[in-house]
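Structure, as structure tokens:
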Amino acid sequence: MTAPSSGVTPDPTLLLVATTSQVPLTTAYNALNVPAIAAGGWYLDPTTGVKIYKLTSGTFPTSSPNWGHDYSEGGDEVSLPYNGNTRAMLVRQNGGAWWLVDFTPGVGVGNGRQLAGRLAPCFDQSFSFSNNPATPYYAYVSNCSVIIRFDIRTMTEAPGNGWPISESNACWLQQSENDGLFTWLRGQSGPTVAAFEPATNTLKTYTNSGVNEPRIDRAGRYIGLSMNTPPEALFVWDFTTNTIAWTTSGDPGIPFSHNASLRRRWLVVDWNSSAPHQYAMFTPDVANSGQYIGGPANANDFYGNGNWIQHPADLNDQWAVFSTMEGLQSSGGGWLAPGGMVLITPNGQRRLLGHPYNTGTNYTFYSFVRLAPDGRYVLFTSDMDGSGRNDVFLAELPTR
């Protein structure tokens, strides 16, 4: 891998091309003694040489036997730089309280502060940093009774532009680029999905007893509804017209589940296809647009993430990251970079960022690999090859 240190634009093409032979190198990884690295320290991935920072430890940001973070898609858990090169991360203390941790390249971590009182998230997926470069110091949180915008510099509420909003038990809080369109689920089981456009102070809702969870189109307007009934179906909710624009039938077709949400693109793995499966794509503004974009996939049980806001000339050149749900790698053979964090584009790019070396099968501490909104970093949890504890890490993408 070549990673010029002076660049500012993330360039995954500087990473190794992903192959089926890139298995986790556990002997080399264990020789690094990652559990002993202090919070703020780093190591180089044994396969790719990517720099990976350790954000938490047994004593930072406070004493805890484990640290993790929220699910692999939805709102932003890595902020944009809000004070020079310093940005904040959302981490969770042993499945309990949530904390913000600051990270500064070349300096380390600091300024750990718990989200408490009115700023305490209601559930997993009840928080999101702003992805608007004009307001990198804002974050949004649902505290079970209201959704609040607040300033992470002062940890005080920042009302305005329609905030706060009275909403009970809002979760799956997420937004399109520049904080243009927000969506959330009312209660962890629905059945009502809400969407809010701050620029027009417009709130709309859609209710369906079959809803599982919403997925935003990062370009705005469309919200993909992953359905329980029909199983794994996609219902595309058009916020502008307030109608369901089109639907899919779900299983045994291409499932709309665990997808990466990009601008006008939703990427998935078709676990209904023959192993080692294929990647697939839905285009929100094109009805019946499910199509395959090539395999093999990286895992049978997978997660995708598309939090990186990108504007390539061809929308099929946008990057998403895919990872393994649980365990060091999926069973069976033929997987792409088994157990790895694989960056893909619909146009066929497949690059390996590294391996999380997470052997865990406890949902709370899955890797849940997530991109920053500017694409500079990827957040993940790891038990450090079965070390007995879990910590949160930040992988640095190469730049040009």
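Just so we're aligned, residue 694 is where the sequence shown starts under this note's numbering, counting upward by one. Virtual Cβ for every residue (Gly too), placed ideally from N, Cα, C. These numbers come from a predicted model, not from an experiment.
Here the alpha carbon of residue 1057 sits roughly 26 Å from the alpha carbon of residue 843. Between residue 947 and residue 965, the C-beta spacing is below 9 Å.
A Cβ-Cβ separation of about 4 Å places residue 913 in contact with residue 869 under the 8 Å criterion. Looking at the DSSP output, residue 1031 sits in no beta bridge, so it has no partner there. Within the same chain, and ignoring the five residues on either side of residue 924 in sequence, the residues whose Cβ sits closer than 7 Å to its Cβ are 943, 944. The Cβ neighbour count for residue 970, taken over all protein chains shown within 10 Å, is at least 16; the residue is labelled buried. In the same chain as residue 779, and ignoring 5 residues on each side of it, the C-beta atoms closer than 6 Å to its own belong to 795, 797, in chain order. Close CB contacts of residue 933 within its chain, under the 8 Å cut and outside five residues either way in sequence, are with 914 (chain order).
Judged by their CB atoms, residue 755 and residue 786 are nearer to each other than the 9 Å cut-off. Beta-bridge pairing by DSSP links residue 842 to 833. In the DSSP assignment, the residues bridged to residue 776 are 779. In this structure residue 1049 touches residue 1075 by the C-beta definition: roughly 5 Å separates them, less than 8 Å.
Close CB contacts of residue 835 within its chain, under the 6 Å cut and outside five residues either way in sequence, are with 815, 819, 863, 866 (chain order). Relative to the Cα of residue 960, the nearest Cα in the group 978, 936, 986 belongs to 986.
DSSP places residue 996 in the uninterrupted beta strand (DSSP E) bounded by 995 to 998. Here the segment 701 to 715 does not lie against the segment 766 to 785, with fewer than 3 beta-carbon pairs under 8 Å apart.
For the segment 920 to 986, the full-length beta strand (DSSP E) segments reaching 3 residues or more read 927 to 931, 936 to 940, 959 to 963, 971 to 975 along the chain.
Rounded to the nearest whole angstrom, the CA to CA distance from residue 892 to residue 856 is 11 Å.
The way I'd put it, the segment 763 to 775 does touch the segment 1060 to 1076; three or more beta-carbon pairs between them come closer than 8 Å. Classified as exposed, residue 1005 has fewer than 16 neighbouring CB atoms from the shown chains inside 10 Å of its CB. In the structure shown, residue 721 falls within a helical segment according to DSSP collapsed to helix, strand and coil.
In this structure, the CA atom of residue 1069 is about 32 Å from the CA atom of residue 928. Residue 1062 sits in coil when the DSSP states are folded into three classes, being neither helix nor strand. Counting along the chain, no beta strand (DSSP E) covers residue 1057, and no H or E run does either. By the criterion of a C-beta distance shorter than 6 Å, residue 703 is surrounded in its chain by 1068, 1069, 1090, 1092, once the five residues flanking it on both sides are discounted. Within the same chain, Cβ atoms closer than 7 Å to the Cβ of residue 1052 are found at 1020, 1021, 1076, 1078, 1079, the five residues on either side in sequence being excluded.
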